[in-house]
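Peer 1:
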Amino acid sequence: MEFASASLKDRRSNMIDSSSTIAIPAVDAIPRHIAIIMDGNGRWATQRYMPRVAGHSKGVEAVRTMVEACIEQGVRYLTLFAFSSENWRRPEEEVSILMRLFMTALEREVNRLHANDICLKVVGDLSRFSAPLQEKIREAEQKTASNNRLVVTICANYGGRWDIIQAMNRLRAAQPQLTEIEEQHLTPYLSMAYAPEPDLFIRTGGEQRISNFLLWQLAYTELYFTETFWPDFGRAELRAAILSYQKRERRFGRTSEQLLDSKKAP
Ligand code: IPE
Ligand code: IPE
Ligand code: MG
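Sequential numbering from 0 applies to the sequence shown in numbering that gives the first Met the number 0.
1) Since residue 223 contacts residue 201 with CB under 8 Å, what's their CB separation in whole angstroms?
2) My understanding is that residue 150 touches residue 75, with C-beta atoms under 8 Å, so please give their C-beta distance in whole angstroms.
3) Quick check on residue 45: does DSSP put it in helix, strand or coil?
4) Just to confirm the assignment, what range does the beta strand (DSSP E) spanning residue 152 have?
5) Please say whether residue 142 and residue 113 have beta carbons closer to each other than 7 Å?
6) Between residue 233 and residue 64, which are expected to be in contact by the criterion C-beta below 8 Å, what is the C-beta distance as a whole number of angstroms?
7) Looking only at its chain, what residues have a beta carbon closer than 7 Å to the beta carbon of residue 97, apart from the 5 residues adjacent to it on each side?
8) Does the distance between the C-beta of residue 206 and the nearest non-hydrogen atom of ligand 2 fall short of 6 Å?
9) Under a criterion of Cβ closer than 7 Å to any non-hydrogen atom of ligand 1, which residues qualify, in chain order?
10) For residue 210, is the beta carbon positioned less than 6 Å from some heavy atom of ligand 2?
11) What does the Cβ neighbour count give for residue 172, buried or exposed, with the cut at 16 atoms within 10 Å?
12) To which residues of the same chain is residue 78 closer than 6 Å at the C-beta, ignoring the five residues directly before and after it?
13) Could you give the DSSP three-state label for residue 244: helix, strand or coil?
14) Can you name the residues that DSSP bridges to residue 221?
15) Expressed to the nearest angstrom, what Euclidean distance is found between the alpha-carbon atoms of residue 207 and residue 220?
16) Residues in its own chain within less than 8 Å of residue 51 by CB, not counting five upstream and five downstream?
17) Among all the DSSP beta bridges, which residues are the ones paired with residue 76?
18) Can you tell me whether DSSP reads residue 81 as helix, strand or coil?
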């Protein structure tokens, strides 16, 4: 693995417009951006003869732990898939419980996040949420907007296809004269344009699929799958995922030999 030596401040300023397909990004021992599909809440509860909702409540606790663990490890961006654009297909009761949990978690956690210098963002098609929930989200984002230690993004009613299409529509509205669209035209309109592409993707719960998560942004992300259910995913499990990441050779299309040569260069 290739380690960049740039200071944290340099890296933050360089990252925003980084695209793994336009330029080879800097690679650090600690992933700058970790994106997680928090899966397995329902099965965690069912195994314990508990209702699925008990798994979701436990899942909220695991989020709290993960935020702390990412700060301890020096991760700068943590992105969590909380509700997919396809999760509306679930029983109405489960959906409404999830919405209520989201609302209470926001109410309870925002001050703590703010006190810890954490910036909170929520991305996805928020128009389908209730007006009070949308309002809470806006308030939380505004309150924590200038915080710097860690950026936590919650993907809610998010879908990778939705993201690409909404970006395309916003680009078309802003620049109708464009006939030939290139990557750098589109990326500023993607919902996570403020963050570098994820270095490490984690999916808990045993399934090995993307489930319409960050389709565009995962182009060169290292993928890590674990059987562990989300409520059981804690500090030790995060360390194991980072250890696996550190053993990967991120070539971004190059050969191993080229990678070795680039490390030798002054
Ligand atoms: C992930 O856990 C949480 C959400 C999708 C909201 P699941 O609810 O998908 O748990 P399993 O996969 O059924 O165990
Ligand atoms: C993906 O989990 C979405 C979230 C964790 C929010 P799902 O449990 O909905 O995914 P599938 O249906 O197994 O692919
Ligand atoms: Mg699931």
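Note that the Cβ used here is the ideal one computed from N, Cα and C, for glycine as well.
Peer 2: So, to answer that:
1) Separation of the CB atoms of residue 223 and residue 201 is rounded to 5 Å, and the pair is thereby assigned contact status at 8 Å.
2) Contact flag correct, Cβ pair sits at about 7 Å.
3) Residue state, collapsed to three classes: helix.
4) Taken as a continuous stretch (DSSP letters only), the beta strand (DSSP E) holding residue 152 covers 149 to 157.
5) In contact: residue 113 and residue 142 (Cβ atoms closer than 7 Å).
6) Going by Cβ atoms, the distance from residue 233 to residue 64 rounds to 5 Å, so yes, they are a contact pair.
7) Around residue 97: 55, 82.
8) Here the distance from the Cβ of residue 206 to the nearest heavy atom of ligand 2 is below 6 Å.
9) Around ligand 1, the residues whose beta-carbon falls short of 7 Å from at least one of its heavy atoms are 37, 38, 39, 40, 41, 42, 43, 51, 54, 55, 58, 81, 82, 83, 86, 97, 204, 228, 229, given in chain order.
10) Residue 210: yes, Cβ under 6 Å from ligand 2.
11) Label assigned to residue 172: exposed.
12) Excluding five sequence positions before and after residue 78, the CB atoms of its chain that fall closer than 6 Å to its own CB belong to 34, 152, given in chain order.
13) When DSSP states are grouped into helix, strand and coil, residue 244 belongs to the helix group.
14) According to DSSP, residue 221 bridges with 199.
15) Rounded to the nearest whole angstrom, the CA to CA distance from residue 207 to residue 220 is 15 Å.
16) Listed in chain order, the non-local C-beta contacts of residue 51 below 8 Å within the same chain comprise 40, 41, 44, 45, 93, local neighbours out to five positions each way being set aside.
17) DSSP output for residue 76 lists 32, 150 as bridge partner(s).
18) Residue state, collapsed to three classes: strand.
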